[in-house]
Amino acid sequence: MASLITCPHCGTRPKEEFTIRGDASPVRPQLGAAFAAWDAYVHLRDNVRGPMKEHWQHSGGCRRWLVVERDTFSHAVHAVTDAAEFARGQAGGPGPAAKPARPARAAKAATAAKGRGQA
Amino acid sequence: MKYSAFSILKQGLSGNKGWQPAWREPEPKAEYDVIIVGGGGHGLATAYYLAKNHGITNVAVLEKGYLGSGNVGRNTTIVRANYLLEGNEPFYSHSLRLWEGLEQELNFNAMMSQRGVINLYHSDGQRDAYARRGNAMRLAGEDAELLGREEVRELVPFLDFDNPRFPVHGGLMQRRGGTARHDGVAWGYARGADSRGVDLIQNCEVTGIRREGGRVVGVETSRGFIGCKKLGLAAAGNSGRVAEMAGMRLPVESQVLQAFVSEGLKPFIDQVVTFGAALFYMSQSDKGGLVFGGSLDMYNSYAQRGNLQTVESVMEAACAMVPSVSRVKVLRSWGGVMDMSMDGSPIIDRTPVEDLYLNCGWCYGGFKATPASGWCFAHLLATGETHELAKAFRLDRFSRGYQIDETGHGAQANLH
Ligand SMILES: Cc1cc2nc3c(=O)[nH]c(=O)nc-3n(C[C@H](O)[C@H](O)[C@H](O)COP(=O)(O)OP(=O)(O)OC[C@H]3O[C@@H](n4cnc5c(N)ncnc54)[C@H](O)[C@@H]3O)c2cc1C
Ligand SMILES: [Zn+2]
Chain G
1 MASLITCPHC GTRPKEEFTI RGDASPVRPQ LGAAFAAWDA YVHLRDNVRG PMKEHWQHSG
61 GCRRWLVVER DTFSHAVHAV TDAAEFARGQ AGGPGPAAKP ARPARAAKAA TAAKGRGQA
Chain A
120 MKYSAFSILK QGLSGNKGWQ PAWREPEPKA EYDVIIVGGG GHGLATAYYL AKNHGITNVA
180 VLEKGYLGSG NVGRNTTIVR ANYLLEGNEP FYSHSLRLWE GLEQELNFNA MMSQRGVINL
240 YHSDGQRDAY ARRGNAMRLA GEDAELLGRE EVRELVPFLD FDNPRFPVHG GLMQRRGGTA
300 RHDGVAWGYA RGADSRGVDL IQNCEVTGIR REGGRVVGVE TSRGFIGCKK LGLAAAGNSG
360 RVAEMAGMRL PVESQVLQAF VSEGLKPFID QVVTFGAALF YMSQSDKGGL VFGGSLDMYN
420 SYAQRGNLQT VESVMEAACA MVPSVSRVKV LRSWGGVMDM SMDGSPIIDR TPVEDLYLNC
480 GWCYGGFKAT PASGWCFAHL LATGETHELA KAFRLDRFSR GYQIDETGHG AQANLH
């Protein structure tokens with residue numbers, strides 16, 4: 001993972017200030033969409049080897065949600081966009097992007113406190 | 120060649136000149152009854168049990184690197200059967216039983232060491248959760264013991280028992296759990312499969328899956344086309360890439376997990392101990408190095424290397440659990456690519472493509488599963504029927520709502 005991420009609002013900052021949620025590509029289906037569409041949205045992933053779009057939050061900075069385009073093999077960061085702007089730009093997207101779920105780190109802390117997760 | 124104390128003595132006296140390679144290096148044949156993609160623990164165990172349990176020996180294991188170059192040679196070697204849920208525990212329990220007889224079975228020293236696994240708890244809630252887990256394990260026929268603070272102190276006296284934030288109240292112990300030599304297991308299965316006629320083909324990357332009329336007929340590889348009647352995928356962290364060759368998307372994300380080894384110390388920690396206040400666990404190898412690890416780096420990766428932020432948090436957890444390790448030097452660290460499934464549990468199943476079978480989703484816990492995974496996957500490939508112990512590991516469980524979610528986190532791969 002690259003050590004620096006350039007936030008469109010705060011400038012170039014250490015990666016430690018950012019918290020990942022995950023893959024930004026799945027788009028929430030319209031209400032009433034077929035069951036298969038929901039299943040695919042919730043469970044199935046392209047699991048890209050190469051450039052991938054992800055939701056990160058600048059949790060140690062402006063706290064905005066961002067879409068970071070990052071290479072999953074070289075770990076280079078190619079582009080960073082504000083998530084709201086990204087959603088507006090998504091061709092044929094269903095309006096504002098789905099609200100990202102709670103940040104992974106917070107949930108992870110909760111897991112740790114429950115003492116689960118071992119290798 | 121059978122390995123024994125006698126053979127070591129005999130070779131020692133004759134200058135060690137008579138050892139044979141542990142397996143052949145055959146050229147791929149034009150066609151096999153079964154091809155397995157991936158020469159990790161699961162692929163090799165599958166090939167072994169296909170030959171041993173089902174008499175199917177016209178089998179090839181195709182490995183893009185060398186045998187054991189993937190996660191089987193990168194993990195922290197913990198073997199345990201302390202799962203909570205019904206779909207999981209009988210499977211891991213069977214696996215542990217196979218581990219117990221593995222060295223005799225394979226005539227190979229896998230250094231299986233049942234030194235015990237202790238999960239520490241630091242609060243009343245955690246103790247209750249572990250009591251429940253221990254009961255579930257016992258109901259499934261496994262051993263589990265809830266230890267109090269003083270019992271843990273007797274076994275592991277140097278923990279930070281009186282840490283004001285996370286005092287150690289006790290631990291859940293599985294005495295039959297422990298560690299095994301990870302690459303030894305791969306080599307043992309490889310040698311066993313080879314001696315029964317399985318072709319182990321290294322430096323052979325699968326680049327395409329050829330289908331005719333909806334059925335698999337073979338694979339394109341870096342060493343040319345190889346035909347097969349049935350194809351089994353056991354590519355761990357690369358499962359998504361390989362399944363894509365057959366037009367499939369999986370409920371899996373590839374993420375990196377790191378591990379660490381310290382300089383060699385005198386005997387210090389006898390068991391595997393896991394921290395309950397952060398994701399952290401530690402054991403000591405037979406060479407004396409402390410072997411430890413923590414959580415995923417949390418982002419998708421195929422790079423087999425991790426981030427310093429995770430290194431720092433793992434070291435912090437180490438010093439929080441065992442303050443005396445703060446002066447110990449870390450010698451090496453590395454990463455492996457985990458096939459993180461959407462519920463944290465594995466998949467052993469047929470696929471919508473005829474004659475294509477899938478084994479993946481092992482997350483950070485597939486080493487302990489190696490024997491049972493091979494056992495059940497071989498059963499599926501040989502008979503076309505799901506093995507009783509793997510019947511919860513269906514691919515369609517996600518769409519049907521039968522997830523096996525040990526941590527209760529839902530469909531967020533990096534949280535399992
Ligand atoms: C740091 C770390 C710590 C871990 N700790 C533990 C632990 O303590 N206990 C535990 O139970 N588990 C642990 N695990 C998990 C465990 O190692 C894995 O779940 C398990 O090894 C995966 O199965 P495998 O051995 O078959 O995978 P692998 O050894 O990764 O085998 C898959 C093989 O497929 C090959 N391959 C991929 N694509 C292709 C292709 N296109 N063509 C040909 N070959 C291909 C790869 O080269 C690889 O050799 C850990 C993992 C890591 C990384
Ligand atoms: Zn910012």
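First to last, the protein sequences are chains G and A. Heads up: the first sequence begins at 1 in the numbering used here, then just goes up one per residue. Heads up: the second sequence begins at 120 in the numbering used here, then just goes up one per residue. All C-beta atoms in this analysis are idealised placements derived from N, C-alpha and C, irrespective of residue type, glycine included.
Spatial distance of residue i from residue j (CA atoms)
i	j	result
R513 (chain A)	D281 (chain A)	45 Å
L186 (chain A)	D302 (chain A)	9 Å
G520 (chain A)	S314 (chain A)	43 Å
Q270 (chain A)	H528 (chain A)	Checking the sequence, you will find Glu at residue 270 (chain A) rather than Gln. Cα-Cα distance, rounded: 32 Å.
S404 (chain A)	Q90 (chain G)	52 Å
N135 (chain A)	E146 (chain A)	28 Å
S492 (chain A)	G206 (chain A)	14 Å
S518 (chain A)	E144 (chain A)	42 Å
H173 (chain A)	E219 (chain A)	22 Å
G60 (chain G)	Q30 (chain G)	33 Å
S232 (chain A)	V77 (chain G)	43 Å
K448 (chain A)	Y202 (chain A)	33 Å
K536 (chain A)	R469 (chain A)	Outside the displayed span of chain A (120 to 535) sits residue 536 (chain A), for which this structure offers no information.
F531 (chain A)	S464 (chain A)	In the sequence as presented, Phe is not what sits at residue 531 (chain A); that position holds Gln. Going from the Cα of Q531 (chain A) to the Cα of S464 (chain A) covers about 12 Å.
H161 (chain A)	P490 (chain A)	7 Å
L181 (chain A)	D152 (chain A)	14 Å
W38 (chain G)	P26 (chain G)	10 Å
A242 (chain A)	E525 (chain A)	For the record, residue 242 (chain A) in the displayed sequence is Ser; it is not Ala. Taking the straight line joining both Cα atoms gives about 20 Å.
T19 (chain G)	R234 (chain A)	37 Å
Y476 (chain A)	R329 (chain A)	14 Å
Y211 (chain A)	W481 (chain A)	12 Å
A439 (chain A)	K15 (chain G)	24 Å
A363 (chain A)	Y421 (chain A)	This sequence places Glu at residue 363 (chain A); Ala is not what is there. The alpha-carbon atoms of E363 (chain A) and Y421 (chain A) are separated by roughly 15 Å.
P471 (chain A)	A397 (chain A)	40 Å
G333 (chain A)	E473 (chain A)	6 Å
Within chain G, partners of residue i - CB distance below 9 Å
i	result
E372 (chain A)	G22, D23, R45, N47
S420 (chain A)	M1, T72, F73, H75
8 Å Cβ cutoff, residue i in contact with chain G
i	result
Y211 (chain A)	no
F280 (chain A)	no
R368 (chain A)	yes
S517 (chain A)	Sequence check: residue 517 (chain A) is Phe here, not Ser. Yes - at least one Cβ of chain G is within 8 Å of the one on F517 (chain A).
N190 (chain A)	no
R360 (chain A)	yes
N207 (chain A)	no
N478 (chain A)	no
N254 (chain A)	no
M461 (chain A)	yes
Q428 (chain A)	yes
N172 (chain A)	no
8 Å Cβ cutoff, residue i in contact with chain A
i	result
D82 (chain G)	no
P100 (chain G)	Residue placement at P100 (chain G) is flagged as unreliable, the pLDDT there being 46, under the threshold of 50; the coordinate-derived value follows with that caveat. No, no contact with chain A.
E16 (chain G)	yes
Chain-order list of residues whose beta-carbon lies under 8 Å from that of residue i (same chain, five-residue window excluded)
i	result
R193 (chain A)	H301, A378, Q423, W453, G454, G455
Sequence-distant residues of its chain with Cβ nearer than 6 Å to residue i (five each side left out)
i	result
A509 (chain A)	I467, C495
V317 (chain A)	A166, A170, V178
G383 (chain A)	K406, G407, G408
E150 (chain A)	G346
H498 (chain A)	H506
Interface partners of residue i on chain G, CB under 8 Å
i	result
A354 (chain A)	Here the premise fails: no neighbours, minimum Cβ distance about 12 Å.
N226 (chain A)	The contacting residues do not exist; N226 (chain A) stays about 28 Å from chain G at best.
Interface partners of residue i on chain A, CB under 8 Å
i	result
E54 (chain G)	Y418, N419
Partner residues on chain A for residue i, Cβ-Cβ distance less than 7 Å
i	result
V42 (chain G)	A530
Own chain residues within Cβ distance below 7 Å of residue i, not counting five before or after
i	result
W65 (chain G)	H55, Q57, A83, P100
T81 (chain G)	P8, L66, V67
E324 (chain A)	K183, T340, S341
R295 (chain A)	L215, Q233, D262
Contacts that residue i makes with chain G (C-beta to C-beta distance below 7 Å)
i	result
Q293 (chain A)	Chain G residues near Q293 (chain A): none, gap ~11 Å exceeds 7 Å.
CB contact check: residue i to chain C, cutoff 8 Å
i	result
E150 (chain A)	No chain C is part of this structure, whose protein chains are labelled G and A.
Completely contained alpha helix (DSSP H) runs for the region 335–377 of chain A, where each covers 4 or more residues:
Those alpha helix (DSSP H) runs which fall completely within the region 335–377 of chain A and span 4+ residues are 358–363.
At 3 residues or longer, and completely inside the region 377–436 of chain A: list those beta strand (DSSP E) runs for me, N to C.
Entirely contained in the region 377–436 of chain A, the beta strand (DSSP E) runs reaching 3 residues are, in chain order, 391–394, 399–403, 408–419.
Let me know the beta strand (DSSP E) ranges lying completely inside the region 211–262 of chain A, each 3 residues or longer, listed in chain order.
For the region 211–262 of chain A, whole beta strand (DSSP E) runs of length 3 or above, ordered along the chain, are 236–240.
For the region 273–336 of chain A, list the alpha helix (DSSP H) runs that are entirely contained and at least 4 residues long, ordered along the chain.
301–314
Quick one: which unbroken beta strand (DSSP E) runs of 3-plus residues sit fully inside the region 15–100 of chain G? Chain order, please.
19–23, 51–57, 65–71, 77–82
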